[in-house]
Amino acid sequence: MRLAIGSDHGGFRLKQEIMKVLRDEGVDFRDFGTFSIESCDYPDIALAVAEAVSRKEFNCGIIICGTGIGVAITANKVPGIRAALCHDTFSARMAREHNDANILTLGERVTGPGLAGDIVRMWLKSEFSGGRHSRRVEKITAIERAWGTT
Numbered sequence: 099m100r101l102a103i104g105s106d107h108g109g110f111r112l113k114q115e116i117m118k119v120l121r122d123e124g125v126d127f128r129d130f131g132t133f134s135i136e137s138c139d140y141p142d143i144a145l146a147v148a149e150a151v152s153r154k155e156f157n158c159g160i161i162i163c164g165t166g167i168g169v170a171i172t173a174n175k176v177p178g179i180r181a182a183l184c185h186d187t188f189s190a191r192m193a194r195e196h197n198d199a200n201i202l203t204l205g206e207r208v209t210g211p212g213l214a215g216d217i218v219r220m221w222l223k224s225e226f227s228g229g230r231h232s233r234r235v236e237k238i239t240a241i242e243r244a245w246g247t248t
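The numbering of the sequence shown is my numbering, which starts it at 99 and goes up by one.
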């Protein structure tokens, strides 16, 4: 598995903790920035990660900002991206199993590092269930096509 990870300044510290988890889990990843707590614009980082996942350069991605909301909104504008903001392990598992989420978003200001690590581990080990959920994911893709975004 290859994973793309990124954060703005509001998620920088949590990203450092998540990268430790990824190393412990043996995940091959690339950090798309930011590389400090200096203020930056979250859409720039979210777009870079989402485009890399959309182009299949990476299997999946994790993007972190202060709340996880802004990066989720941004990433979901990219065709083929299904970014899910998760605050607990159940949502992380369901995002993968039912929605085939290919990007996990987190918020440093709302999720502590211990819980974030558990969420990431659950998200990484979960797999898309397919079946009736495939039909629903296909409908999401059809919406992208109808709006000319694929």
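Glycine included, C-beta positions come from ideal geometry on N, C-alpha and C. Here the structure is a predicted model, which means the values were calculated and not measured.
Let me confirm a value: residue i is counted as buried when at least 16 other C-beta atoms fall within 10 Å, else exposed. Which label applies?
{"i": "M99", "result": "exposed"}
{"i": "E136", "result": "exposed"}
{"i": "I41", "result": "Given a span of 99 to 248 for the chain in the structure shown, any question on residue 41 remains unanswerable."}
{"i": "G229", "result": "exposed"}
{"i": "F188", "result": "exposed"}
{"i": "F133", "result": "exposed"}
Return the Cβ separation of residue i and residue j in integer angstroms, given the expectation that the two are a contact with Cβ distance under 8 angstroms.
{"i": "A214", "j": "I116", "result": "6 angstroms"}
{"i": "A190", "j": "S224", "result": "7 angstroms"}
{"i": "I179", "j": "S152", "result": "6 angstroms"}
Suppose the cutoff is 7 angstroms on Cβ atoms and the five residues either side in sequence are ignored; what does the same chain contact list for residue i look like?
{"i": "G164", "result": "G108, G109, G205, E206, R207"}
{"i": "N174", "result": "A181"}
{"i": "R194", "result": "W221, S224, E225, F226"}
DSSP on residue i, reduced to helix/strand/coil?
{"i": "A102", "result": "strand"}
{"i": "G124", "result": "coil"}
{"i": "D129", "result": "strand"}
Within a Cβ cutoff of 6 angstroms, which residues of the same chain sit near residue i, ignoring the five residues on either side of it in sequence?
{"i": "L183", "result": "G166, A170, T203"}
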